[in-house]
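Notes to accompany the following structure.
Residue numbers (our numbering), protein chains in the order written: chain H, 1 to 255; chain R, 256 to 386.
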């Protein structure tokens, strides 16, 4: 069976404007969108550019818009589409070429929330002879595990209208990752991250549209993380208000 | 890191929410506040009328009974129920509850909130029945 997919092309060397190009290709029940793009590249038009690597929804490289909805190419099957299939680069990111977008801003947002264990006061200095590992109970793990499944594919940023309206918004994945470390029993960096989260471009830009969680291929539920972050940020503000905390001043300096 | 080192796109157009059903439902959820504002203005007018005296109060009662106002307030009731339905589903995701270290299932939290609505409604009808 043959199906037609239309791809939004942008080849700045040849044309200043983007244009649509239709490809007809053979498909069966197991043909993923990524298979289709590979078929186009190998058989029909070698100038098509797109990103991919693992083809099993773990590298997070092959995100594109399918009929206006952000999807991973490898996790999208053409059998689920009758009629028109329109493929575009991920929304809300600058397009570099064809389906390849510039994700620099997303990486900046990720780095800004310090997504790593912060432990200024480890129990003991590291001793290579008798290394001491962190201990964590299954219950402590369960508090953040869901938010640790993010593969940084960026689909949630393409789903988020608030990020589309204001790219300075830290966005779903970055805030979900901040929340993941804030919830981790081994981490002590919550205070540092709060300065970043508890401001307009942090959690407070979110209006719980919730589409980010709908499109997330790993069921991270970033909308839940962001809104749990609002509860934490509100607590932080209240505590700072009564304690006259110096952290509040630092948070304001960012605004 | 230089904050503006990466490229920025122009912001979305005002009609961004017309693109998908999902965004339209979101805007519907947010728009439920509009009929509720009308209902609150009615209530405030009622309080002012109460202070002004019996004639004014009777006028307000008549106003509240007019078909257009009744229809608008029925719309406000429907809007608040829709908003409650969406809010109750979101609640367990924002405030996951744990009792004795075990997290409560989402549908139990949602059911609990609806049970609260029923209790308040029953209390309201009981008070209304006594008056």
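Backbone N, C-alpha and C define an ideal beta-carbon position, used for all residues, glycine too.
Contact between residue 31 of chain H and residue 72 of chain H fails: their C-beta atoms lie close to 15 Å from each other, not under 8 Å. Non-local C-beta neighbours of residue 74 of chain H in its own chain, meaning closer than 8 Å and more than five positions away in sequence, comprise 32, 33, 34, 52, 54, 55, 56, 57 and 62, ordered along the chain. For residue 358 of chain R, the pairing in a beta bridge is given by DSSP as R:353.
Here residue 176 of chain H is near residue 226 of chain H, since their CB atoms are less than 8 Å apart. Residue 239 of chain H sits in a helix when the DSSP states are folded into three classes. The residue among H:4, H:173 and H:10 with its C-alpha nearest the C-alpha of residue 27 of chain H is H:4.
Residue 277 of chain R has a beta carbon lying within less than 8 Å of a beta carbon in chain H. If you compare the alpha carbons of H:205, H:233 and H:186 with that of residue 133 of chain H, the shortest gap goes to H:186. Within chain R, the C-beta atoms nearer than 8 Å to that of residue 227 of chain H come from 345, 348 and 349, in chain order.
Taking C-beta separations shorter than 8 Å and ignoring five residues to either side along the sequence, the partners of residue 359 of chain R in its chain run 347, 351, 352 and 353, following chain order.
In the DSSP assignment, residue 182 of chain H forms no beta bridge with any residue. DSSP places residue 55 of chain H in the coil class of the three-state scheme, outside both helix and strand. Secondary-structure assignment with DSSP links residue 88 of chain H through a beta bridge to H:65. Each residue's CA atom was taken as its position, placing residue 100 of chain H and residue 163 of chain H some 19 Å apart. For residue 208 of chain H, the C-beta contacts it makes with chain R under 7 Å involve 345, in order along the chain.
Under the DSSP definition of a beta bridge, residue 20 of chain H partners with H:8. Here residue 67 of chain H is near residue 86 of chain H, since their CB atoms are less than 8 Å apart.
Cβ-Cβ distances below 7 Å link residue 217 of chain H to 57, 72, 75, 153 and 155 in the same chain, with the five nearest sequence neighbours on each side left out; the list follows chain order. At a cut-off of 8 Å between beta carbons, residue 385 of chain R makes no contact with chain H. Remark: fewer than three beta-carbon pairs, one from each stretch, lie closer than 8 Å, so the stretch 110 to 130 of chain H and the stretch 3 to 22 of chain H are not flagged as touching. Inclusion of residue 109 of chain H and residue 189 of chain H in the CB contact set at 8 Å is not warranted, their separation being larger than that value. 8 Å or more divides the Cβ of residue 10 of chain H from the Cβ of residue 64 of chain H. Against chain R, the CB of residue 17 of chain H has no partner CB under 8 Å away; the residue lies outside that interface. Between residue 149 of chain H and residue 203 of chain H, the C-beta spacing is not below 8 Å. Short of 7 Å from the beta carbon of residue 338 of chain R, and not among the five residues preceding or following it, lie these beta carbons of its own chain, in chain order: 284 and 287.
For residue 167 of chain H, a Cβ of chain R is located within less than 8 Å of the residue's own Cβ.
Within chain R, no C-beta atom comes nearer than 7 Å to that of residue 77 of chain H; the closest sits roughly 21 Å away. Rounded to the nearest whole angstrom, the CA to CA distance from residue 222 of chain H to residue 182 of chain H is 14 Å.
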